[in-house]
Every structure is written in C-alpha cells, then in structure tokens.
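Asker: For the protein sequence lines, the chains are A and B, in the order given.
All residue numbers for the first sequence refer to the working numbering, where the first residue is 410 and numbers rise by one.
All residue numbers for the second sequence refer to the working numbering, where the first residue is 410 and numbers rise by one.
Number of protein chains: 2
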Amino acid sequence: MTAKQDMITQDLAGKIRHGIYTPKSFLPSENELANLYGASRNTVRKSLEDLTSLGLIQKIKGKGSIVLDFSRLSFPISRITTFNELNQSLGLKAETKLLEIKEVKKVPDDFSCDNTEPFIKVKRLRIIDGEPDVLDVDYISTKYVKEISPSVAEHSLYDYFENDLGLKISYAVKDVSVQTVSEELAKMLELDPDRKAVLVKSMVYLEDTSLFQLTASYHNPNRFRFIDFARRSKI
Amino acid sequence: MTAKQDMITQDLAGKIRHGIYTPKSFLPSENELANLYGASRNTVRKSLEDLTSLGLIQKIKGKGSIVLDFSRLSFPISRITTFNELNQSLGLKAETKLLEIKEVKKVPDDFSCDNTEPFIKVKRLRIIDGEPDVLDVDYISTKYVKEISPSVAEHSLYDYFENDLGLKISYAVKDVSVQTVSEELAKMLELDPDRKAVLVKSMVYLEDTSLFQLTASYHNPNRFRFIDFARRSKI
DNA sequence: CAGTGGTCTAGACCACTCC
DNA sequence: GAGTGGTCTAGACCACTGG
Numbered sequence: 410m411t412a413k414q415d416m417i418t419q420d421l422a423g424k425i426r427h428g429i430y431t432p433k434s435f436l437p438s439e440n441e442l443a444n445l446y447g448a449s450r451n452t453v454r455k456s457l458e459d460l461t462s463l464g465l466i467q468k469i470k471g472k473g474s475i476v477l478d479f480s481r482l483s484f485p486i487s488r489i490t491t492f493n494e495l496n497q498s499l500g501l502k503a504e505t506k507l508l509e510i511k512e513v514k515k516v517p518d519d520f521s522c523d524n525t526e527p528f529i530k531v532k533r534l535r536i537i538d539g540e541p542d543v544l545d546v547d548y549i550s551t552k553y554v555k556e557i558s559p560s561v562a563e564h565s566l567y568d569y570f571e572n573d574l575g576l577k578i579s580y581a582v583k584d585v586s587v588q589t590v591s592e593e594l595a596k597m598l599e600l601d602p603d604r605k606a607v608l609v610k611s612m613v614y615l616e617d618t619s620l621f622q623l624t625a626s627y628h629n630p631n632r633f634r635f636i637d638f639a640r641r642s643k644i
Numbered sequence: 410m411t412a413k414q415d416m417i418t419q420d421l422a423g424k425i426r427h428g429i430y431t432p433k434s435f436l437p438s439e440n441e442l443a444n445l446y447g448a449s450r451n452t453v454r455k456s457l458e459d460l461t462s463l464g465l466i467q468k469i470k471g472k473g474s475i476v477l478d479f480s481r482l483s484f485p486i487s488r489i490t491t492f493n494e495l496n497q498s499l500g501l502k503a504e505t506k507l508l509e510i511k512e513v514k515k516v517p518d519d520f521s522c523d524n525t526e527p528f529i530k531v532k533r534l535r536i537i538d539g540e541p542d543v544l545d546v547d548y549i550s551t552k553y554v555k556e557i558s559p560s561v562a563e564h565s566l567y568d569y570f571e572n573d574l575g576l577k578i579s580y581a582v583k584d585v586s587v588q589t590v591s592e593e594l595a596k597m598l599e600l601d602p603d604r605k606a607v608l609v610k611s612m613v614y615l616e617d618t619s620l621f622q623l624t625a626s627y628h629n630p631n632r633f634r635f636i637d638f639a640r641r642s643k644i
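#1: At the 8 Å Cβ level, is E616(B) part of the contact set with chain A, yes or no?
#2: CB-CB under 7 Å to G473(A), same chain, minus the five flanking residues each way: which ones, in chain order?
#3: Between D637(B) and chain A, is there a C-beta pair that is closer than 8 Å?
#4: State the start and end residues of the unbroken beta strand (DSSP E) segment that holds I429(B).
#5: At a CB-CB cut-off below 8 Å, which residues of chain A make contact with P527(B)?
#6: Using the beta-carbon of each residue, which ones in chain A are nearer than 9 Å to F633(B)?
#7: By alpha-carbon positions, which one of N631(B), Y548(B), L501(B) and A503(B) ends up nearest to V516(B)?
#8: Just the C-alpha distance for E556(B) and V585(B), rounded to the nearest angstrom, thanks.
#9: May I have the straight-line CA-CA distance separating A404(A) from T418(B), to the nearest angstrom?
#10: Have a look at H628(A) and L566(B) and give me their C-alpha separation to the nearest angstrom.
#11: Based on DSSP bridge pairs, tell me the residues matched to Q622(B).
#12: Give a yes or no on whether 8 Å exceeds the smallest Cβ distance from D603(A) to chain B.
#13: Have a look at E582(A) and I636(B) and give me their C-alpha separation to the nearest angstrom.
#14: Determine the chain A residues that contact I469(B) at a beta-carbon separation under 8 Å, and present them in chain order.
#15: Just reading off the alpha helix (DSSP H) that R450(B) is part of, what are its end residues?
#16: Can you find a CB in chain B that lies within less than 8 Å of the CB of K643(A)?
#17: Rounded to a whole number of angstroms, what is the C-alpha to C-alpha distance between S456(B) and D542(A)?
#18: Give me the residue from K610(B), M416(B) and K552(B) with the minimum Cα distance to L445(B).
#19: Between which two residues does the beta strand (DSSP E) harbouring Y580(A) extend?
#20: Determine the direct distance from the alpha carbon of M597(A) to that of L615(A), and round the result to whole angstroms.
#21: Out of Y569(A), K530(A) and D568(A), which has the shortest C-alpha to C-alpha gap to S649(A)?
#22: Can you tell me the Cα-Cα spacing of L574(B) and K552(B), whole angstroms?
#23: Using only the alpha-carbon positions, how far apart do L576(A) and K511(B) sit?
#24: Going by DSSP in three states, D542(A) sits in which element: helix, strand or coil?
#25: State buried or exposed for P630(A), treating a residue as buried only when at least 16 other CB atoms are found within 10 Å of its CB.
#26: At what residues does the beta strand (DSSP E) containing S474(B) begin and finish?
#27: Going by Cα to Cα distance, which pick from T525(B), K506(B), L421(B) and S579(B) is closest to V546(B)?
#28: Give the interface partners of L477(A) over in chain B, defined as CB-CB distance under 8 Å, in chain order.
#29: By alpha-carbon positions, which one of I578(A), E540(A), K532(A) and E441(A) ends up nearest to S558(A)?
#30: Please confirm if P437(A) has its CB atom under 8 Å from at least one CB of chain B.
#31: Specify the secondary structure class of T353(B) as computed by DSSP and reduced to three states.
#32: Going along chain B, which residues have a C-beta under 8 Å from Y580(A)?
#33: According to DSSP, is F528(B) helix, strand or coil?
#34: In this structure, does DSSP put N629(B) in helix, strand or coil?
#35: Among K433(A), T431(A), L421(A) and S449(A), which one has its Cα closest to the Cα of L463(A)?
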C-alpha cells in the first residue's frame, strides 16, 4: 500500500519531468491540489516538501510553488544512488567487471569499524563507454546477506537487497577525499602518473540503525564529477 | 518570532550535541515530547523530521527516535555552509587573505550563465594552520549587493548578506570535479607537480529563485575532504 | 482586498514492536 | 495489549504577495 502523499509526490514529479509542469511556471496552489487529489491540505504539503528537498520545486510565500529546472542534471551524492540507477537515468553504456567475491573475517582497519562478524567482499570494476571509471570494493555484513552470487554482483546488489531480501536501506555516511593509490590500482583505472584517485568511502545503515555495508569507491579523477543540490538549513 | 517547531528543534539539537541525549539512546516518545513542550504531536513531528534530515536521529517505527552519533563529524557539502561557520564548528585556526575586489561586466563563460547585470568579483585565499587550503573566487550579483568593503570580504560575506542586508539564501547547485589548474594557481595553493585541484563550482539562489552568487573554489586535494550524510529517497 | 504558503491544533486510524 | 511512529483529516490563524 503506497501512501496517498507518496502517490501525489510521484504524480507531480512525473508531470514535472515530462514537462507538463514546465520550469519557471507555478504549480496549482495547495488548496487546488488538495481538491484535485481529494486530499487534505496537509497531505499535499507533505508532498510539496518532498519535491522541495529533491530540488524539483521552490516554494515562495504568498506566491506559490515554482518549478525549478535542474531535474535533468541532478547527479546526487547526497542521496544514496547506485551505479545502475545512475546509469539508467543518464542513459550511459555501462559495464561491470566482477573481480572478486569472497568472505572475509573482518573489514580493513581504515574503515574504523569494530564489527566482529564476517563480511562478504565484492570487488568490481565499472566501465563506462569502454573506459575504466570506478573500482568499487564492497563489504556486506553476513548478518543480513548470507550469500551473493556472481550474477547478482554483476547485475545490481541493491536491487537484490531491497527487492529480493526486503532489506530497508536508510542512510549512509560518505567520506570523500583524494588519495594516491597503488600502482596496481592506478593501472586498472588508467590513471595519470601522479596516481591520484577520488576515494568515496561509504558506511551504509539499515532502518534499525545497524551497520550493513561498507564501500570504498576509487574514481578516475579525470572523469569524476558530481552535481549536488543543497539547501541552506536553519540550524 | 521563531516558530515553536524551530525552538523545539534547536532545543533537542542542543541537548543531543551536549550529551543530554546520548548516542544510541531513545528520545522521549512523540506524545511525551508534545506534553513536555506544550505542543501538538504534529509540531513535535516536524521538529523530529528536521533532526532526521540533519542526521542527528533516526526514527524506528514502533520503537522510537534513536540518537545517532555523527553529530561531531558532519562536515556537509550538501548543506550550504560557509568557510567561517565550518571553522567555528571545527575549531580551526583560519585566516583569509583578500586578493581582489572589483566589479566585472559579466561572469566567466564556464559558469554557463547568461545574466547580463554586472557582478562584484571577490578573490580570497583561505589559509588553515598556516597552509594555503582554498582559493575562492566569488561573483555576487549587483542586483542585490551594491558594494562590498574589504573588511566584509575578509570577515564573512554571508554574515553581511543575511544579517545586514536581510537576503534570504535558499538553495545552491554545486558541481564538484578535479581539474588541472594554472601554474600561478598551483603555486598559490602549493600543489603537487601534477597541478591537480578539486574544483567546487556553486550557483547560489535566493528565496525567490533569482541567481545571486557564483563561486569557484579551488581546494588543495591533499587537504580536501568532506563528510556527507545521505538518506535513501523513495523516488 | 483575496489568495498564497507557514504554522499549529486536536483528533482519528493504522502498522509496527515488544511483552 | 499497550505503546510507538506513520498517515490523514478539518479546521484555525498568521504573514506575505499581488492588484
């Protein structure tokens, strides 16, 4: 059962993306939307809040909700988005090369993680338009995932976690920095002689706040880019 | 007049940061908080939502709101945070060296911005613990800011914009990439011979969706780092 | 002035967790 | 079953925008 507010959000987001509501125009007022969808004004307001935090609209007091025009370029690191979801939305020709799957007793020290249960390590090279782009090293807790088949690792881990296993991924802490990497890794990513890569370390948590996954992603800096939508917060 | 929900948010955030509510413990329930603050449950829920998106708490259905322990390390690019606010919260010894203030007819082409009014250009080198860290090049629209004095540029632009001019900064689009920069810039930032810097380009907008400011920040990659809190979104 | 979004209330029913 | 958060309603008053 999808909540009424989410259906409204989806519907409005679709109409914005498909140009039924165009950038710089105003959405119908909150009262009109409430009538249109047969919902209370509070429910509509919740939807508009979600669209606002997604960067699709901007609310202006006394005037209305105006459609922004970043819908196409948003390439967010500040939401949790997977390689496959990204490629789909950008329409890129992407390929995943599975390098390693094995169970390990613990996670490397530089994650500063003291969990004691075994993890499944998955190492994958992501290739876009024939060029090596990212090396992903994932560690997935065996508390929640007992086994990962090569075909799942080559396809999409998140699709498997969320749709097949029913896990609820909730939030992540990401640490982005630039590192000089090993010669082996530099060769794999076809880096410049300086061997600098952008390292994104992620710690991913489930709805019950338990640690679920650790990832180190090494990006080729010449092709690394992300676009982020940020709001000024009151605190 | 501060809204009741914001006072509750501030109060709870303070109690979390000061350890009155400790990580891994639960906040009082929504009904208890409503009684405590003399507010309706909806108002309390709005506060808890804000704390959730700030990454201070995590709500668990049927159980309660649990305090997370990232309050210290959050160093967000996904909110709009200024150099001064950051340094204050991290307690760093920072210094700003003003290099240039002048009015320019238009903004460099690589911002892909077609605004025609003049902008004020401000160029500043940020030095942390004696080491050059960031070169900021700002362009501020003369539609909203007529003049910027050197002392303001050396202190804090945002403090001036928000508190003195009463401008309402609302949202920004940020584009992060790694670039090879000029020898002059490389020398200023004391870069490695490869002359690679992390470039953060920002476009900042006001509450009425008008473009207000453009910034190019060149970071020394050896000291560049940001930590981000991300939530998985439904859409 | 009428219309907009911003805040707030008091209630309701549901799904979930834990005992 | 009692308590929790999730969703939703119907109403109220406010501050702001525009003509």
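Glycine included, each C-beta is placed from N, C-alpha and C at the ideal position.
Bear in mind that the values here come from a model prediction, so they are computed numbers and not experimental data.
Answerer: In this structure, then:
#1: Yes, because at least one Cβ of chain A sits closer than 8 Å to the Cβ of E616(B).
#2: F435, L436 and S438
#3: yes
#4: Element bounds for I429(B): n/a, residue is neither H nor E.
#5: Annotation: P527(B) has no Cβ neighbours in chain A at a cutoff of 8 Å; minimum Cβ distance is about 24 Å.
#6: V585, S586 and V587
#7: Among N631(B), Y548(B), L501(B) and A503(B), the Cα nearest to that of V516(B) is on Y548(B).
#8: For E556(B) and V585(B), the distance between alpha carbons rounds to 29 Å.
#9: Given that chain A is displayed from residue 410 to residue 644, the structure contains no residue 404(A) and the question cannot be resolved.
#10: Between H628(A) and L566(B), the C-alpha separation is close to 34 Å.
#11: I549(B) and V613(B)
#12: yes
#13: The sequence as given places Val at residue 582(A); Glu does not occur at that position. For V582(A) and I636(B), the distance between alpha carbons rounds to 7 Å.
#14: E616, D617 and T618
#15: R450 to S462
#16: yes
#17: Computed Cα separation, rounded: 41 Å.
#18: M416(B)
#19: I578 to T589
#20: Taking the CA atoms as reference points, L615(A) sits about 32 Å from M597(A).
#21: Residue 649(A) falls outside the range modelled here, since chain A spans only 410 to 644, and no answer is possible.
#22: 12 Å
#23: 55 Å
#24: If DSSP states are grouped into helix, strand and coil, D542(A) belongs with the strands.
#25: Per the 10 Å Cβ criterion, buried.
#26: G473 to V476
#27: K506(B)
#28: Scanning chain B for C-beta atoms nearer than 8 Å to the C-beta of L477(A) yields T618, reported in chain order.
#29: K532(A)
#30: Interface annotation, P437(A): not in contact with chain B, CB-CB separation never under 8 Å.
#31: The structure shown does not extend to residue 353(B), since chain B spans only 410 to 644, so no value can be given for it.
#32: Under the 8 Å cutoff, chain B gives G464, Q467, F638, A639, R640 and R641.
#33: strand
#34: coil
#35: Closest option to L463(A), Cα to Cα, is L421(A).
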